[in-house]
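Below: one structure, written as structure tokens.
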Amino acid sequence: MVRRWPAPVLFSALMLAAAFTAFMPVAFAQATRVVDESFFVESAYPMLHAVQCERCHSDNGVASEARLAFPETDAGRDQITAFGLSLMDLVDRKNPEQSMLLRKPTKRVKHTGGQRIKPGSDEEAVLLRWINYLAGLSDEQVRQARERIARSDPRGVEALAVRRLTHSQYNQTVRDLLGDQIQPASGFPKEDFVNGFKNQLEGQGISPLQAEAYSKAAERLARAAFRGGDQHGLIPRQPASPTDAACVDAFVRQFGLKAFRRPLTDDEARRYSGLFLEEVGRAKNFQAGASMVIEAMLQSPHFLFRIERGADSPAAPFEIASRLSYLLWGTTPSDELLRAAGKGDLATAEQIEASARRMLEDPRARPAMEEFLAQWMRFDRVLEATRDRRRFREFNADVAAAMVEETRRLFSHLVWNDQNFMEFFTADYTFVNSDLARLYGLPAPGEEFAKVEYPADSGRSGVLGHGSFLVLTSTPSETSPTARGLFVRNHFLGQEVPPPPAGVNTVLPNITEDAPMTNRQPLAVHLNSESCASCHRLLDPIGLGFEQYNAIGAFQKKMVLQFPGPRGEEGRGRKSTIKELDVDSSGYIQGIEDSAFSTPRELGRLLAASPTCQKAIVKQLFRYAFGRQETVNDQPVIDALVAKFRDSGFRFRELIIALVTSELFLQKGSG
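For reference, each letter of the sequence shown is one residue, going -29 to -1, 1 to 642 in mature numbering (1 follows the signal peptide of the UniProt record, and there is no 0).
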């Protein structure tokens, strides 16, 4: 991600970074500089970024629950100043050198992020000067500072949003518009995952290749629309002639309403009617004109994008209808929903709640919510996974599909039966077919994907014991504790762990027949390296708790290492050597007290009880619903959703209802 700094701060940050290479000039400059508010903006703030404090102390950082939270990356000078003043809450005014703001980053007391600032360094001198400034503020200055902090957090109205239909939404939309089942978007260029999902604004540009794909799809869909006649009722009434103006206008407006998800303006209706009649003049056929209009509309930005102008727009009720329909059904609004928008029946939270509850009872809601699950849990990586056939002969495409279905069944059971959704992590039951039962060592189910209980001594529970999670966080030949820890952090705790710095040596010691090791031993290299430890201590201890579950999700009490024998003179190799090692599956979550665990079941209980995990689920649905990552201005919305989710007993459908009735969803809140 490119960090956008205000010009004065960027200049100062660059100057500071360059100055760090010369110890004495910095020490002299900082020792003689007058400390005021500009000192924080131009010196202290860039220094805190240089030592990477914002990695953890951001809304989605590992320390997101701490009192210290950095502002957005594009924050202006006033917001940065207000942030600097807010640090007074971490300052001991009577004894500044005992301030937590100093003792934490220097690791004089326990600090999850490790030592970010070395005692006696130039960085510590900069920080200490700002701490002394805050400690010296008078009571009146503190009062004024708090007023400035409050004013620096504006709650603006959500800006114009332009969201492209995802490939899945495109397929479902043309199906419902034209009755087309071919799913043309399946051949479009592959979508990128951003913020964990494929519908995020940041990743929704249109490349020339994508534009060409839209054009070809529109042409094909338009040609097929009337093949065999008007089988899908696209023409509202029988035309008296190919140039029947009233019928042309009715078709253009009716199809335009469905395609653009709002009524056409009179100017738009005239232009598309003109295009219709122009084609009829050549083909002498009403359906030819209709086909041309369909092709043109399917290439319009008003079809390909969901353009939302906000609550003050005349089209606002139709924008709400689209928001509801694409979230809850994954497709364009139904005729009933469009009529409700036209009559003003989607104006209040009560009206929207009633519509949303009806929509959630509709069968179309299930595949739409399963699309959210598929992206959140990265089913694509499971279905595309390959494994070393010499070691994992049980794994194939059918088994991968069964693993995805197992997780889908658990999700559906919890959502549509209004169960406590935190059982996604703690369920002592699962849904397996005969293949998975054999892999997990369970009795064969009475029928495929029947609900079965885990044995009392099983370490599995919820999604953490599913093959889908265990496979997508492994390599083709072995487990990956780092990948498993990263997935838990990102997807279940909502915390971002940055990638390794450029140039860092990521090579671990080789495991050989003469020096066999479990994964824990070579990974210890990460924790002993200054450049690696700050991140890997957040990841590896989590992933190591799964080490008794191999790369295809089967339980193995011991780690099995296979070393191929050397080839003889005739090219024949001697029998491979097998070594079995005891596995230490103890793990913990850095930053969470009393978080030791040694099985997925124990970790599942920790996650289910964690407010951070509960909030992370809300964040995941928020990102999927709004197509963007949450910002600091969204925190009141997020907090309200978490409270309603908790008060409902963690019913996922109630979380959906709370989201679609929020002021932000109604286009009245901040964003």
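Glycine included, every Cβ here is placed at the ideal spot set by N, Cα and C.
Integer Cβ distance of residue i from residue j, believed to fall under 8 angstroms
i: Gly158; j: Gln346; result: Not confirmed; about 20 angstroms, so no contact.
i: Ser448; j: Asp351; result: Contact flag wrong, Cβ pair sits at about 21 angstroms.
i: Leu410; j: Gly438; result: 7 angstroms
i: Phe197; j: Ser262; result: 6 angstroms
i: Ser102; j: Val62; result: Per the sequence shown, residue 102 should be read as Ile rather than Ser. Their Cβ separation, rounded to whole angstroms, is 5 angstroms, which keeps Ile102 and Val62 in contact under 8 angstroms.
i: Met340; j: Val386; result: 6 angstroms
i: Thr450; j: Glu518; result: 6 angstroms
i: Phe226; j: Val251; result: Incorrect: roughly 15 angstroms between the Cβ atoms, too far for contact.
i: Thr52; j: Phe11; result: 7 angstroms
i: Phe343; j: Arg135; result: With a Cβ gap of about 17 angstroms, Phe343 and Arg135 do not count as contacting.
i: Asp215; j: Ala240; result: No, Asp215 and Ala240 are not in contact; Cβ-Cβ is about 15 angstroms, not under 8 angstroms.
i: Leu407; j: Met374; result: 7 angstroms
i: Ile120; j: Ser70; result: Actually they are not in contact, since the Cβ atoms of Ile120 and Ser70 sit about 18 angstroms apart, beyond 8 angstroms.
i: Leu552; j: Ser566; result: Actually they are not in contact, since the Cβ atoms of Leu552 and Ser566 sit about 26 angstroms apart, beyond 8 angstroms.
i: Gln171; j: Gly598; result: 6 angstroms
CB contact check: residue i to chain B, cutoff 8 angstroms
i: Asp238; result: Considering every chain present, this structure includes no chain B. It has just one protein chain.
Opposing strand residues paired with residue i [DSSP bridges]
i: Gly558; result: Phe568
i: Asn391; result: Arg622
i: Arg135; result: Phe276
i: Lys529; result: Asp553
i: Tyr243; result: According to DSSP, Tyr243 bridges with nothing at all.
i: Tyr520; result: Phe526
Helix, strand or coil at residue i according to DSSP, with G and I counted as helix
i: Ala339; result: helix
i: Glu424; result: strand
i: Val631; result: helix
i: Leu172; result: helix
i: Met348; result: coil
i: Val145; result: helix
i: Thr450; result: strand
i: Phe396; result: helix
i: Val496; result: helix
i: Val403; result: strand
i: Phe636; result: coil
i: Phe11; result: helix
i: Val165; result: strand
i: Phe534; result: strand
i: Gln606; result: helix
i: Phe382; result: helix
i: Val(-4); result: Reliability of the predicted coordinates at Val(-4) is poor, the pLDDT of 42 falling under 50, and no value is obtained from them.
i: Gly542; result: Because Gly542 carries a pLDDT of 48, less than 50, the predicted location of this residue cannot be relied on, and no value is offered for it.
i: Thr83; result: coil
i: Val434; result: helix
i: Asp369; result: helix
i: Leu248; result: helix
i: Cys27; result: coil
i: Thr489; result: coil
i: Ser157; result: helix
i: Gly456; result: helix
i: Val613; result: helix
i: Ala408; result: helix
i: Ser212; result: coil
i: Pro512; result: helix
i: Asp60; result: helix
i: Thr52; result: helix
i: Glu467; result: coil
The alpha helix (DSSP H) enclosing residue i, as first and last residue numbers
i: Lys75; result: Counting along the chain, Lys75 falls outside any alpha helix (DSSP H), and DSSP gives it neither H nor E.
i: Leu19; result: Tyr16 to Ala21
i: Thr44; result: From DSSP, Thr44 is part of no alpha helix (DSSP H); its letter is neither H nor E.
i: Lys187; result: Pro179 to Ala196
i: Val442; result: Gly438 to Leu443
i: Asp220; result: Ala216 to Phe231
i: Ala596; result: Pro582 to Phe597
Residue i - containing beta strand (DSSP E), residue span
i: Val236; result: The amino acid at residue 236 is misidentified as Val; the sequence shows Thr. First-last for Thr236: undefined, no H or E at that position.
i: Asp553; result: Thr548 to Asp553
The ligand FMN heavy atom lying under 7 angstroms from the CB of residue i
i: Val133; result: As for the ligand FMN, it is missing from this structure, which has no ligand bound.
List, from N- to C-terminal side, the beta strand (DSSP E) runs of 3 residues or more that fit wholly inside the region 88 to 126.
none
May I have a chain-ordered list of the alpha helix (DSSP H) segments no shorter than 4 residues that lie completely inside the region 263 to 339?
272 to 275, 287 to 299, 306 to 313 and 320 to 332
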